[in-house]
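Using the UniProt record's numbering, the first residue of the sequence shown is number 241, and each one after it goes up by one.
Scroll down for the structure; my scribbles are underneath it.
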Amino acid sequence: ELYNFRLLEPGTKVHGVIGKPIGHSKSPHLYNPAFKAAGFNGIYLPLLVDNVANFLNTYSSPDFVGYSFTIPHKMAGFECCDEIDPIAKGIGAISCMIKKPNGNLIGYNVDYLGAIAAIEEGLIASGNASNGPGSPLAGKLFVVMGAGGAGKALAYGGMEKGARVVVANRTFVKAQDLAAKVGGQALHLSELEHFHPEEGMVLANTTSVGMKPNIDVTPLPKNALKHYNLVFDAIYTPKWTRLLTEAKESGAAVVFGTEMFLNQAFVQFEKFTGLPAPKELIRETLIKNTS
Ligand code: ATR
C-alpha cells in the first residue's frame with residue numbers, strides 16, 4: 241500500500257531518496273501518504289545507489305523529477321547539478337534535486353535551514369539562548385562533528401548565525417578544509433574528547449556513528465558531554481542515539497534528528513509538489529515510524 245503501484249500511470253511524477261545504505265530511510269513513509277493527502281500524482285521510492293551520475297544518466301525520463309540525497313551522496317549529488325541554489329553552492333553539498341521542465345537538474349540544500357532552526361528552538365526552549373537581538377547561536381562555541389554533506393551544512397549555518405564554529409572529523413584534512421571555509425577551528429575527531437576551552441558549548445553530530453543498526457557506538461565519549469549545554473544529532477534512526485542518551489544523562493538539552501528531518505521534509509515537499517506541505521500528517525507519520 242505504501243507505494244500505491246496500482247495508481248502508477250503515464251504522468252505520475254517519480255521521486256526518491258538516493259543513498260547507501262537506504263533501508264533505514266523514513267522518507268518513503270512520509271512522502272507517499274503526503275502526496276496522496278495533497279492529491280498529488282506522485283510516488284517516492286528508496287533508491288539504493290552506488291554511483292549518482294550513472295543513476296541520473298540511466299533514469300533520465302522526464303517523469304523522474306525529484307530526489308532527496310542522504311549519506312554518502314550529498315556531495316556527489318552536488319557535482320551532478322546543472323544549476324545550484326546559492327545557499328547550496330556556499331555549502332558545497334545538496335540535500336535535494338529537482339528536474340526543471342527543460343530537463344536541467346537544480347540542487348538545493350534544505351538541511352541547513354532544518355537543522356539550524358531546530359537547534360535555535362532547542363536553545364530557546366532550554367534557556368540557553370544567547371542574550372541580545374541576534375540568533376540564539378550567536379557568539380556560542382558550536383562544535384560540528386563530521387565534515388561530509390551534513391557537516392558542511394551545519395558548519396555553514398553556524399557561521400551564518402554568528403557562532404564560533406569548530407569542525408571535528410575523523411579525516412583531519414576534511415575538517416581543515418571545512419573550518420577554513422567557515423572561518424572556524426579544525427580538530428581531529430579523537431581530539432574532541434579533551435577539547436573544552438569553555439563550558440556551555442553546543443554540539444552537533446553529523447557523522448553516521450550511532451545510526452541503526454550500529455546503535456551502541458557514539459562519536460564522543462560520555463565524559464566530554466558535560467561541557468555542552470545542548471547536543472543535536474542529525475541521526476534520526478534511532479531517535480535516542482547513544483550520544484543523545486548520554487548527553488541527557490550529562491545534563492545537556494537534546495535536539496532530535498527528527499526535528500531537522502521534519503523541517504527539511506516540509507520545505508522539500510513544497511519544492512517537489514508546488515503545494516503546501518500537510519505538516520501535521522507528515523509529523524504524525526514520522527512519529528508512527530520512528531522509535
Ligand atoms: P553526509 O552527506 O550525510 O554528511 P558523508 O558525506 O558520507 O555523509 O559524511 C559522513 C561523515 O561521517 C564524515 O564526516 C565521515 O568522516 P570521514 O570524513 O573521516 O569519512 C563521518 N564518519 C563516517 N563513519 C565514521 C566513523 N566510523 N567514525 C568517525 N566518523 C565517521
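Don't be surprised by glycine CBs; every beta carbon is placed ideally from N, CA and C.
- When the five nearest sequence neighbours on each side are left out, the beta carbons in the same chain lying within less than 8 Å of the beta carbon of Ser-366 are those of Asn-469, Leu-470 and Ala-493, in order along the chain.
- As summarised for the stretch 442 to 473, the continuous beta strand (DSSP E) elements at least 3 residues long and confined to that stretch are 468 to 473, given in chain order.
- Between the ligand ATR and Asn-272, a heavy atom-to-CB distance of less than 7 Å is absent.
- When DSSP states are grouped into helix, strand and coil, Gly-372 belongs to the coil group.
- Per DSSP, reduced to three states, the secondary structure at Ser-430 is helical.
- Per DSSP, the unbroken beta strand (DSSP E) holding Ser-308 starts and ends at 304 to 309.
- Under DSSP, Val-405 forms a beta bridge with Phe-382.
- Comparing alpha carbon positions, the residue from Pro-376, Tyr-352, Ala-390 and Gly-402 closest to Gly-362 is Pro-376.
- Below 8 Å, too few C-beta pairs join the stretch 320 to 337 and the stretch 269 to 281 to call them touching: fewer than three.
- Annotation for Glu-499: Ala-358 place their beta carbon closer than 7 Å to its own, counting only its chain and skipping 5 residues before and after.
- In the DSSP annotation of this structure, the continuous segment of the beta strand (DSSP E) that includes Pro-286 starts and ends at 282 to 288.
- By the neighbour-count criterion, in which a residue is buried when 16 or more other Cβ atoms sit within 10 angstroms of its Cβ, Val-457 is exposed.
- Annotation: the continuous beta strand (DSSP E) that includes Gly-347 extends over 345 to 348.
- With the rule of 3 Cβ pairs closer than 8 Å, the stretch 477 to 488 does not count as touching the stretch 500 to 510.
- Inclusion of His-264 and Lys-452 in the CB contact set at 8 Å is warranted, their separation being smaller than that value.
- Annotated three-state conformation of Glu-361 is helix, per DSSP.
- Residue pairing by DSSP places Ala-355 opposite no residue, since no beta bridge is assigned to it.
- CA-to-CA, the gap between Lys-414 and Ala-444 works out to about 17 Å.
- Between Lys-266 and Tyr-348, the alpha-carbon positions lie close to 20 Å from each other.
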